[in-house]
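Working notes, structure below.
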Amino acid sequence: MQQSKRRPVIAGNWKMNFTPGEAAGFIGKIKPMLSGKDKCDIIFFAPYVSIPAAIEAAQNTKIDIGAQNVHFAPKGAYTGEVSAEMLKAIGVKTVLVGHSERRQYFGETDETVNLRAKAALAAGMKVMICLGEVKEQRLAGITDEIISMQTKLDLAGISEEQLQNIIIAYEPVWAIGTGLTATPEQAEEACRVIRRVIAGIYSEKAAESLRILYGGSMNEKNAAELLAKPNVDGGLIGGASLVPEKFTAIVDAVG
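The numbering of the sequence shown is the numbering used here, which starts it at 47 and goes up by one.
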């Protein structure tokens with residue numbers, strides 16, 4: 047399975063940061079820094095209220111502005127939620143689902159992640175699905191089993207054709223916001239396991255074309271080593287995505 051066939055993705059998850067004005071200011075600052083860098087796709091997942099300002103600021107660039115979540119119902123009595131059609135109406139083309147913070151703090155399960163992904167796909171959007179093991183599972187030696195199960199549950203009922211609009215981000219939960227990072231070998235092994243599961247569910251061709259990212263305290267210092275691994279097709283960046291210089295350095299690390 048050759049990495050060279052898969053276009054890398056460097057995505058920034060702003061989490062609960064940046065007002066509309068701050069988001070526009072960030073895009074304005076990073077635009078010239080990213081100009082001419084065409085080795086990878088670039089996405090920033092913005093808070094709902096800052097999406098329109100970020101999209102406007104990113105006009106006439108290849109920067110994609112995505113949403114950090116989406117609800118699975120088209121509309122209705124779901125106070126505080128936002129549907130795929132609503133996001134699509136303001137210009138969102140890509141959504142993030144299943145981030146470990148959503149699973150940890152807001153009760154997301156693989157079943158609800160699957161429903162959210164399918165709702166976004168049905169609306170014609172691209173979806174980045176996050177999955178990964180917690181520290182106790184890593185220490186118990188069951189990482190492969192956990193991420194295999196998550197991959198199957200998160201993709202349940204999704205066709206091979208729809209899979210073309212999906213990116214998977216492997217994020218070991220113990221490395222999110224902790225400063226801890228999986229070793230390049232651990233990241234590679236987990237991404238390889240996910241790819242093997244995809245081949246089993248769908249086909250070798252589907253597995254070869256699916257882009258799998260690493261997320262978990264990737265920064266400008268460790269990015270090159272992580273991105274050099276053959277099954278790691280990019281990164282989902284947290285803290286470093288809030289600093290234009292750091293994010294640009296990660297983009298520069300793409301081979």
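Glycine included, C-beta positions come from ideal geometry on N, C-alpha and C.
- Unbroken alpha helix (DSSP H) runs of no fewer than 4 residues, entirely contained in the segment 195–249, are found at 206–209 and 230–247, following chain order.
- Assigned with DSSP and collapsed to three states, residue 59 falls in strand.
- Excluding residues up to 5 positions away in sequence, 103, 104, 107 and 109 lie with their Cβ nearer than 8 Å to the Cβ of residue 77 in the same chain.
- Inter-residue distance for residue 53 and residue 201 is about 21 Å (C-alpha atoms, whole angstroms).
- Sequence-distant Cβ neighbours of residue 130 in its own chain, meaning closer than 8 Å and more than five residues away, are 116, 117, 120, 141, 165, 166, 168, 169 and 171.
- Close CB contacts of residue 245 within its chain, under the 6 Å cut and outside five residues either way in sequence, are with 253 (chain order).
- Closest option to residue 212, judged by alpha-carbon separation, among 175, 297, 263 and 240: 175.
- Between the alpha carbons of residue 294 and residue 95 lies a distance of about 24 Å.
- The beta-carbon separation of residue 93 and residue 136, rounded to 13 Å, does not stay under the 8 Å limit for a contact.
- Closest option to residue 205, judged by alpha-carbon separation, among 248, 266, 101 and 229: 248.
- Distance between residue 75 and residue 288, taken at the CA atoms: about 11 Å.
- For residue 124, the secondary structure class from DSSP, reduced to helix, strand or coil, is coil.
- The secondary-structure analysis by DSSP pairs residue 279 with nothing; it has no beta-bridge partner.
- In the DSSP secondary-structure assignment, residue 129 is bridged to 117.
- When DSSP states are grouped into helix, strand and coil, residue 190 belongs to the helix group.
- Looking at the backbone, the Cα of residue 256 and that of residue 86 are separated by about 15 Å.
- CA-to-CA, the gap between residue 271 and residue 230 works out to about 6 Å.
- With respect to the 8 Å criterion, residue 290 and residue 72 are classified as neighbours on the basis of their beta carbons.
- A distance below 6 Å between beta-carbons, with the five flanking residues on each side excluded, links residue 100 to the following residues of its chain, in chain order: 69, 73, 92 and 111.
- Rounded to the nearest angstrom, the gap between the Cα atoms of residue 209 and residue 196 is 15 Å.
- With 16 or more other CB atoms across the displayed protein chains lying within 10 angstroms of its CB, residue 163 is buried.
- Residue 282 and residue 59 do touch by the CB rule: their CB atoms are close to 6 Å apart, below 8 Å.
- In the DSSP annotation of this structure, residue 259 is not part of any alpha helix (DSSP H); the continuous beta strand (DSSP E) holding it starts and ends at 257–261.
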